[in-house]
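Asker:
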Amino acid sequence: MTEDHAGKPSHLRLSGGVFTLSVLRLESLDPAQLESQLKTPENALRFLRNAPIVLDLLQLPDQPLPLRPWMDILRAAGCFPVGVRNASVAQEEAAAAMGLPHLRGRELEPARQETPGGAPASMAPNEVQEGGSTGPGQILRHPMRSGQRHYARNKDLVCLAAVNAGAEVLADGHLHVYAPLRGRALAGVMGEERSRIFCASLEAELVAIAGIYAMPDPDHPLWGKPAEIALQGEQLRIMPLGT
Amino acid sequence: MAKIVVVTSGKGGVGKTTTSAAFASGLAMRGYRTAVIDFDVGLRNLDLVMGCERRVVYDFINVIQGEARLQQALIRDRMLDKLFILPTSQTRDKEALTAEGVARVMDELHGEFDYVICDSPAGIETGALRALYHADEAIVVTNPEVSSVRDSDRILGILAARSRRAEEGKEPVREHLLLTRYAPRRVQGGEMLSLDDVKELLRIPLLGVIPESETILQASNQGIPAIHMKGSEVATAYEDVVARFLGEEKPLRFVQPEKPGFLKRLFGG
Ligand SMILES: Nc1ncnc2c1ncn2[C@@H]1O[C@H](COP(=O)(O)OP(=O)(O)O)[C@@H](O)[C@H]1O
Ligand SMILES: [Mg+2]
């Protein structure tokens with residue numbers, strides 16, 4: 048990473064970026080509880096495989112906490128803790144010693160329609176539902192704008208207007224976006240691997256199916272074009288729509 | 110019955126106050142009884158841009174807290190007798206903008222004016238939320254750069270979710286895009302987003318484009334809303350904005366670089 052293609056040393060370039068991260072709220076001081084929860088097949092972190100997550104310590108008593116066991120469990124589950132929030136001073140120091148910065152993020156703005164309170168990143172047991180899509184799917188007619196999030200639980204989600212950068216749409220079933228998809232799109236959130244994403248113009252920050260995610264970049268041959276995204280084995284396949 | 114218009118953006122320094130002053134003046138020139146309110150508690154810029162800072166005795170916060178009547182706080186504009194300014198306080202903080210207090214002032218203005226223009230502070234916190242809450246229409250001021258567009262998008266989401274119209278399930282707030290500080294030459298050089306880029310990203314109707322211009326600085330230093338700088342590009346652009354807002358058709362101006370460069374003349378456009 049210190050040389051570019053031509054073999055010349057490259058310059059260090061610093062730029063800013065806004066990222067949406069999943070937040071895991073720790074609710075007990077006992078790492079074993081999290082571990083046993085993660086062992087159940089329908090654990091809510093399944094779809095966060097390879098995803099960066101932030102640990103929220105709000106619910107925990109204000110006492111120093113050994114973070115190492117938490118980190119080990121989460122890494123074993125395939126998640127990457129990248130920071131903490133709502134930490135006390137002592138917790139903040141412990142986190143810093145582990146290389147976890149204290150982040151000061153804000154909750155995502157709820158979208159206009161039905162929005163699940165905790166969203167799937169919380170470990171609350173009521174987030175885990177029986178699989179199987181029911182009903183005709185949900186239709187969103189208004190644009191999804193930066194900071195908004197919409198989750199169609201147990202169904203498909205059909206977006207008729209743009210999903211803009213910084214917005215997030217999630218569905219347990221398929222996701223259809225008949226407009227530019229510029230934000231984050233997560234289909235099969237509860238692990239349905241046959242879920243797919245369809246969009247009129249692929250410009251997404253992130254696409255994920257059943258927890259396997261990709262961050263397409265503007266060099267992608269289908270960037271700005273109609274695309275269909277499916278999970279094949281352990282990989283996402285992005286193909287032209289209608290093939 | 111007044112129509113309430115919020116001038117908002119998410120991002121700071123994009124031209125909200127400049128626009129509020131020019132737009133309110135433009136409506137008053139057309140004969141509409143217009144009030145313009147500064148919601149940027151703690152900064153207090155509007156009275157400077159409108160050139161009435163020395164006449165401020167009572168302000169918006171005094172009225173909200175019952176320390177003065179609305180009539181005592183409204184300042185009549187120097188140049189336009191249909192235009193009134195409700196300045197804000199420099200010494201209080203934004204928590205002084207209580208929801209009930211703002212609602213009461215809005216109610217009172219409602220019967221007296223044709224248009225109430227709310228100059229929003231930057232950000233998405235209390236001040237900005239109060240400024241947009243009562244809006245019937247929103248002018249979303251955006252500069253041709255990615256961060257400004259992103260913040261405008263965010264504010265549009267908030268308008269759709271947190272305005273009074275949204276809460277009461279009424280027809281949504283009417284959205285207008287105003288692209289300001291537009292420098293066609295820099296767009297051509299790829300340093301700035303183009304008008305088409307911004308329209309494509311935000312997808313709301315365009316109310317106008319205000320060019321980047323020195324005139325704005327001169328005007329605000331003199332305390333004269335830019336629309337009074339007769340014959341200047343910015344004054345013309347703001348006049349067009351007012352006309353379009355009132356439903357008139359106006360072709361877009363100042364979106365092309367002024368003179369084609371040497372190479373362009375040589376090889377064609
Ligand atoms: N079209 C323009 N051309 C040049 N400068 C401008 C323009 N519009 C605004 N400005 C300048 O930008 C700065 C911020 O403008 P202001 O209206 O106070 O923004 P806001 O209220 O959004 O913070 C001021 O110095 C103003 O003079
Ligand atoms: Mg301002």
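Protein chains in written order, with our numbering: chain A, 48 to 290; chain B, 110 to 378. Backbone N, C-alpha and C fix where the C-beta goes; we use that ideal spot for every residue, glycine too.
1. Give a yes or no on whether 7 Å exceeds the smallest Cβ distance from Arg196 (chain A) to chain B.
2. Name, in chain order, the residues that DSSP records as bridge partners for Leu365 (chain A).
3. Please classify His219 (chain B): does DSSP put it in a helix, a strand, or coil?
4. Would you say Asp262 (chain B) reaches chain A, if we count a Cβ-Cβ gap shorter than 7 Å as a contact?
5. Where Leu218 (chain B) and Glu321 (chain B) are concerned, what is the direct C-alpha to C-alpha distance, given to the nearest angstrom?
6. What residues in the region 194-218 of chain A bring their beta carbon closer than 7 Å to a beta carbon of chain B?
7. Chain B partners of Arg192 (chain A), CB-CB under 7 Å?
8. Whose C-beta lies closer than 8 Å to the C-beta of Leu104 (chain A) among residues of the same chain, with five residues either side of it excluded?
9. Quick check: does the Cβ of Gly96 (chain B) come within less than 6 Å of any heavy atom belonging to ligand 1?
10. How long is the line joining the alpha carbons of Phe354 (chain B) and Pro366 (chain B), rounded to whole angstroms?
11. Let me confirm a value: Phe245 (chain A) is counted as buried when at least 16 other C-beta atoms fall within 10 Å, else exposed. Which label applies?
12. To the nearest angstrom, how far is the alpha carbon of Leu287 (chain B) from that of Ala277 (chain A)?
13. Since Ala237 (chain B) meets chain A, which of its residues come closer than 7 Å, beta carbon to beta carbon?
14. Between the Cα of Leu222 (chain A) and the Cα atoms of A:Arg229, A:Ala234, A:Ala124, A:Ala209, which residue gives the shortest distance?
15. Can you give me the C-alpha to C-alpha distance between Ile319 (chain B) and Thr345 (chain B), rounded to a whole angstrom?
16. From the DSSP output, which residues share a beta bridge with Asp103 (chain A)?
17. Taking Val165 (chain B) as the reference, give the member of B:Gly175, B:Asn154, B:Ala182, B:Val158 with the closest Cα.
18. Is the Cβ-Cβ distance between Tyr242 (chain B) and Ser272 (chain B) less than 7 Å?
19. Tell me the residue span of the alpha helix (DSSP H) that contains Val172 (chain B).
20. Is Ile264 (chain B) near Val114 (chain B), with beta carbons less than 7 Å apart?
21. Contact defined as beta carbons within less than 8 Å: I believe Asn211 (chain A) pairs with Pro183 (chain A). What is the distance between those atoms, to the nearest angstrom?
22. Report the three-state DSSP secondary structure of Leu155 (chain B) (helix, strand or coil).
23. My understanding is that Phe169 (chain B) touches Ala240 (chain B), with C-beta atoms under 8 Å, so please give their C-beta distance in whole angstroms.
24. Hey, Ala111 (chain B) and Phe222 (chain B): beta-carbon distance below 7 Å or not?
25. Are the C-beta atoms of Arg274 (chain B) and some chain A residue less than 7 Å apart?
26. Measure the C-alpha to C-alpha separation of Gly119 (chain B) and Glu215 (chain A) and round it to an integer number of angstroms.
27. Going by the C-beta, is Asn211 (chain A) closer than 6 Å to any heavy atom of ligand 2?
28. Can at least three beta-carbon pairs, one atom from the region 139-147 of chain B and one from the region 274-294 of chain B, be found at a separation below 8 Å?
29. What residue range is occupied by the uninterrupted alpha helix (DSSP H) comprising Pro116 (chain A)?
30. Please confirm if the region 121-132 of chain B is in contact with the region 284-300 of chain B, defined as three or more CB-CB distances below 8 Å between the two stretches.
31. DSSP on Gly258 (chain A), reduced to helix/strand/coil?
32. Which term fits Glu250 (chain A), buried or exposed, when burial requires 16 or more other beta carbons within 10 angstroms of its beta carbon?
33. Per the DSSP calculation, Asp147 (chain B) is bridged to which residue(s)?
34. Which of the three DSSP states is assigned to Ala98 (chain A) in this structure?
35. Determine the burial state of Asp202 (chain B): buried for a count of at least 16 other Cβ atoms within 10 Å of its Cβ, exposed for fewer.
36. For Phe193 (chain B), name the three-state secondary structure that DSSP assigns.
Answerer: So, from the listed chains and residues:
1. Residue 196 (chain A) sits at position 149 when you count from the first residue of the first sequence. Residue-level contact by beta carbon fails for Arg196 (chain A) and chain B, as no gap is shorter than 7 Å.
2. No answer is possible for residue 365 (chain A): it lies beyond the span of chain A, which begins at 48 and ends at 290.
3. Taking the first residue of the second sequence as position 1, residue 219 (chain B) is located at position 110. His219 (chain B) falls in the helix class under three-state DSSP.
4. Taking the first residue of the second sequence as 1, we reach residue 262 (chain B) at position 153. Chain A contact via Cβ: present.
5. Working through the second sequence from its first residue, we reach residue 218 (chain B) at position 109. Working through the second sequence from its first residue, we reach residue 321 (chain B) at position 212. C-alpha separation (whole angstroms): 33 Å.
6. Cβ contacts with chain B: Gly194, Gln195, Ala209, Asn211, Ala212, Gly213.
7. In the first sequence, the residue the question calls residue 192 (chain A) occupies position 145. Simply Asp262, Arg263, Leu265, Gly266.
8. In the first sequence, residue 104 (chain A) corresponds to position 57, counting from 1. Contacts found: Leu73, Leu112, Val131, Arg132, Asn133, Ala134, Ser135, Gln138.
9. As displayed, chain B neither begins before 110 nor continues past 378, which places residue 96 (chain B) out of reach and without an answer.
10. Mapped onto the second sequence, residue 354 (chain B) falls at position 245. Mapped onto the second sequence, residue 366 (chain B) falls at position 257. Each residue's CA atom was taken as its position, placing Phe354 (chain B) and Pro366 (chain B) some 25 Å apart.
11. Counted from its first residue, the first sequence places residue 245 (chain A) at position 198. Taking a 10 Å sphere around the C-beta of Phe245 (chain A), we find 16 or more other C-beta atoms and assign the residue as buried.
12. By 1-based counting over the second sequence, the position of residue 287 (chain B) is 178. By 1-based counting over the first sequence, the position of residue 277 (chain A) is 230. One Cα belongs to Leu287 (chain B), the other to Ala277 (chain A), and the distance between them is close to 40 Å.
13. Here residue 237 (chain B) refers to the residue found at position 128 of the second sequence. Result: empty, since nearest Cβ-Cβ is about 13 Å, beyond 7 Å.
14. Within the first sequence, residue 222 (chain A) is the residue found at index 175, counting from 1. Here the closest residue by C-alpha is A:Ala234.
15. Working through the second sequence from its first residue, we reach residue 319 (chain B) at position 210. Working through the second sequence from its first residue, we reach residue 345 (chain B) at position 236. In this structure, the CA atom of Ile319 (chain B) is about 9 Å from the CA atom of Thr345 (chain B).
16. For the purposes of this step, residue 103 (chain A) is identified with residue 56 of the first sequence, where counting begins at 1. Paired residues: A:Arg72, A:Arg132.
17. As a working note, residue 165 (chain B) is residue 56 in the second sequence. Of the listed residues, the one whose Cα sits closest to Val165 (chain B) is B:Ala182.
18. For the purposes of this step, residue 242 (chain B) is identified with residue 133 of the second sequence, where counting begins at 1. For the purposes of this step, residue 272 (chain B) is identified with residue 163 of the second sequence, where counting begins at 1. If you check the CB distance, Tyr242 (chain B) and Ser272 (chain B) come in under 7 Å.
19. Locating residue 172 (chain B) in the second sequence gives position 63, where the first residue counts as 1. For Val172 (chain B), the uninterrupted alpha helix (DSSP H) segment begins and ends at 169-173.
20. Residue mapping note: residue 264 (chain B) aligns to position 155 of the second sequence, counting from 1. Residue mapping note: residue 114 (chain B) aligns to position 5 of the second sequence, counting from 1. Judged by their CB atoms, Ile264 (chain B) and Val114 (chain B) are not nearer to each other than the 7 Å cut-off.
21. The residue labelled residue 211 (chain A) in the question sits at position 164 within the first sequence. The residue labelled residue 183 (chain A) in the question sits at position 136 within the first sequence. Going by Cβ atoms, the distance from Asn211 (chain A) to Pro183 (chain A) rounds to 25 Å, so no, they are not a contact pair.
22. Sequence index remark: in the second sequence, residue 155 (chain B) carries index 46 (1-based). The answer is helix: DSSP assigns Leu155 (chain B) an H, G or I state.
23. Position 60 of the second sequence, counting from 1, holds the residue named residue 169 (chain B). Position 131 of the second sequence, counting from 1, holds the residue named residue 240 (chain B). Ala240 (chain B) and Phe169 (chain B) do not touch by the CB rule: their CB atoms are close to 11 Å apart, not below 8 Å.
24. By 1-based counting over the second sequence, the position of residue 111 (chain B) is 2. By 1-based counting over the second sequence, the position of residue 222 (chain B) is 113. Yes, Cβ-Cβ distance for Ala111 (chain B) and Phe222 (chain B) is below 7 Å.
25. As a first step, residue 274 (chain B) must be located in the second sequence, where it is residue number 165. At a cut-off of 7 Å, the C-beta of Arg274 (chain B) has no neighbouring C-beta in chain A.
26. Within the second sequence, residue 119 (chain B) is the residue found at index 10, counting from 1. Within the first sequence, residue 215 (chain A) is the residue found at index 168, counting from 1. Going by the C-alpha atoms only, they are around 19 Å apart.
27. Taking the first residue of the first sequence as position 1, residue 211 (chain A) is located at position 164. Asn211 (chain A) has its Cβ no nearer than 6 Å to any heavy atom of ligand 2.
28. Segments in contact, no.
29. Taking the first residue of the first sequence as 1, we reach residue 116 (chain A) at position 69. Judged by DSSP secondary structure, Pro116 (chain A) falls within the alpha helix (DSSP H) whose first and last residues are 115-123.
30. By the Cβ criterion, the region 121-132 of chain B is in contact with the region 284-300 of chain B, since at least three pairs of Cβ atoms, one from each stretch, lie closer than 8 Å.
31. As a working note, residue 258 (chain A) is residue 211 in the first sequence. Three-state DSSP puts Gly258 (chain A) in coil, outside helix and strand.
32. If you number the first sequence from 1, residue 250 (chain A) lands on position 203. With 16 or more other Cβ atoms within 10 Å, it is buried.
33. As a first step, residue 147 (chain B) must be located in the second sequence, where it is residue number 38. The secondary-structure analysis by DSSP pairs Asp147 (chain B) across a beta bridge with B:Asp228.
34. The residue you call residue 98 (chain A) lines up with position 51 of the first sequence. Ala98 (chain A): coil per DSSP, three-state reduction.
35. Against the second sequence, residue 202 (chain B) aligns to sequence position 93. Asp202 (chain B) should be labelled exposed.
36. For the purposes of this step, residue 193 (chain B) is taken as the residue at position 84 of the second sequence. Phe193 (chain B) falls in the strand class under three-state DSSP.
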